[in-house]
Amino acid sequence: MKTFKVIERETRESVIVCRKNVFSAELAPRRGRLLGGGGIVFTDSNVFALYRERIERALGGVPVCVMPAGEENKREPALFALLQAMAENGLRRNSVLVVLGGGVAGDVGGLAASLYMRGIDCVQVPTTLLAQVDSSVGGKTAVDFFGVKNLIGAFRQPARVIADPVFLKTLPRRELRCGLGEIVKHGALCPSLFEVLLENRGDLFDLDFLARVVPLNIAFKASVVRVDPRETGLRKCLNLGHTTGHALELGGGGLSHGECVLWGLILESLLAERHFKTDSAFLKDLSSLCFAALEGGGMPPLALENARLDKKNTSADVTLAVPVAAGKYELLRLPFAQYEREVREEAEKLC
Ligand SMILES: NC(=O)c1ccc[n+]([C@@H]2O[C@H](COP(=O)([O-])OP(=O)(O)OC[C@H]3O[C@@H](n4cnc5c(N)ncnc54)[C@H](O)[C@@H]3O)[C@@H](O)[C@H]2O)c1
Ligand SMILES: [Zn+2]
Numbered sequence: 006m007k008t009f010k011v012i013e014r015e016t017r018e019s020v021i022v023c024r025k026n027v028f029s030a031e032l033a034p035r036r037g038r039l040l041g042g043g044g045i046v047f048t049d050s051n052v053f054a055l056y057r058e059r060i061e062r063a064l065g066g067v068p069v070c071v072m073p074a075g076e077e078n079k080r081e082p083a084l085f086a087l088l089q090a091m092a093e094n095g096l097r098r099n100s101v102l103v104v105l106g107g108g109v110a111g112d113v114g115g116l117a118a119s120l121y122m123r124g125i126d127c128v129q130v131p132t133t134l135l136a137q138v139d140s141s142v143g144g145k146t147a148v149d150f151f152g153v154k155n156l157i158g159a160f161r162q163p164a165r166v167i168a169d170p171v172f173l174k175t176l177p178r179r180e181l182r183c184g185l186g187e188i189v190k191h192g193a194l195c196p197s198l199f200e201v202l203l204e205n206r207g208d209l210f211d212l213d214f215l216a217r218v219v220p221l222n223i224a225f226k227a228s229v230v231r232v233d234p235r236e237t238g239l240r241k242c243l244n245l246g247h248t249t250g251h252a253l254e255l256g257g258g259g260l261s262h263g264e265c266v267l268w269g270l271i272l273e274s275l276l277a278e279r280h281f282k283t284d285s286a287f288l289k290d291l292s293s294l295c296f297a298a299l300e301g302g303g304m305p306p307l308a309l310e311n312a313r314l315d316k317k318n319t320s321a322d323v324t325l326a327v328p329v330a331a332g333k334y335e336l337l338r339l340p341f342a343q344y345e346r347e348v349r350e351e352a353e354k355l356c
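Counting from 1 along the sequence shown, just add 5 to a position and that's the residue number in the working numbering.
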């Protein structure tokens, strides 16, 4: 018997540019190449309503495919409608998909780009704070399927990410808070970012401040993704606050992902205090940042049984990445009943 090996290495380069008005500066000169089957723009209905003129000014004549806005539409109908529009407009292997939107359009568009002709270039233009600091960086793409979040997806780095703070001006405060959940999480893992956040804790929603911290967040996330592009090790640190956060999110109560992550960070810091030698002053500062971002919003119902559904957990145990000191985290594994009891006890102390 003869055996052969083919080794595939990820050789794609992903360039991220971040600057005010970079959207028009980067895309208008590329317009010619995107006409006549060279490209298509994909966005959601809210972003299109807000930015139609801006899109036309930079990319007039390039076809546009619009998906209905909202997390509930991150499913196969939006994916296949985009693939159909790409085929109808004669996109080729060297054509480009330009995606403008938050994490929803970004995830659907990124997946379509990875499927069409087995993969074409994708330019991501993230328009929410969460998408700029988190979802557009790292090459994860997905749609929800069979009632399961992100069940169908692929890893594929976008050819280019264009993060323009101009888009944040129209973002509702609640959506800014969503991005702040990830920003504070990054701060817990990156001491230099943490200092900047702490010094400016009164200005977390200020757009000039955010324009300054978006590149710091991209730099941090990119540094993690460079080391672990397929989430086999280090990248798991980005789950900080998310095990408890996801459980709260699934429990109803109407809080956003970012708000639940902020509560997750607060509660998981308290668990860390119980189980590890921690820098208590740091964890106090971390919680104070979370509370500043929450602006007095209350804790959601503690639907902790949902932590059992987390992919990382067996039915008996829960494993969490918890913050312990500036830039440091530990993995905490607890029997599920103990996790639930301890979180409840800590939550009661907060009320
Ligand atoms: N791929 C990844 O690595 C990754 C990481 C984190 C989250 N995600 C995914 O991202 C999604 C959440 O992303 P999101 O929070 O950006 O949600 P979203 O894309 O639904 O955007 C939130 C809302 O803001 C609107 N919007 C977008 N840009 C706007 C702007 N500039 N002004 C006003 N409104 C605007 C949208 O239409 C939507 O109503 C989830 O599906 C999540 O699974 C993916
Ligand atoms: Zn998150």
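Ideal placement from N, C-alpha and C gives every residue a C-beta, glycine not left out.
- DSSP, read as helix, strand or coil, puts D169 in coil.
- Between the C-alpha atoms of A159 and L299 there is a straight-line separation of about 33 Å.
- The beta carbon of V329 is closer than 6 Å to those of A277, F281, T283, E335 in its chain, skipping five residues each way along the sequence.
- Contact check between the region 59-69 and the region 31-44: three or more CB pairs, one atom from each, fall below 8 Å, which counts as touching.
- Contact between A90 and I45 is confirmed by a C-beta separation of about 6 Å, below the 8 Å threshold.
- Exposure of Q343 is indicated by the presence of fewer than 16 other C-beta atoms within 10 angstroms of its C-beta.
- Judged by DSSP secondary structure, D322 falls within the beta strand (DSSP E) whose first and last residues are 322-330.
- For E187, the closest alpha carbon among the candidates C295, L325, V348 is that of C295.
- Judged by their CB atoms, H251 and K226 are not nearer to each other than the 8 Å cut-off.
- Relative to ligand 2, even the nearest heavy atom lies 7 Å or more away from the CB of V189.
- C127 sits buried, since 16 or more C-beta atoms from the chains shown fall within 10 Å of its C-beta.
- With a threshold of 7 Å, the Cβ atom of K241 does not count as near ligand 1, since no heavy atom of the ligand is closer than that.
- If the five residues before and after C183 are omitted, its C-beta is found closer than 8 Å to the C-beta atoms of T133, L134, L135, S261, H262, G263, E264, all from its own chain and listed in chain order.
- Ranked by Cα distance from C195, the options N51, L215, V229 are led by V229.
- Cβ-Cβ separation between L307 and R349: approximately 6 Å, consistent with a contact (criterion under 8 Å).
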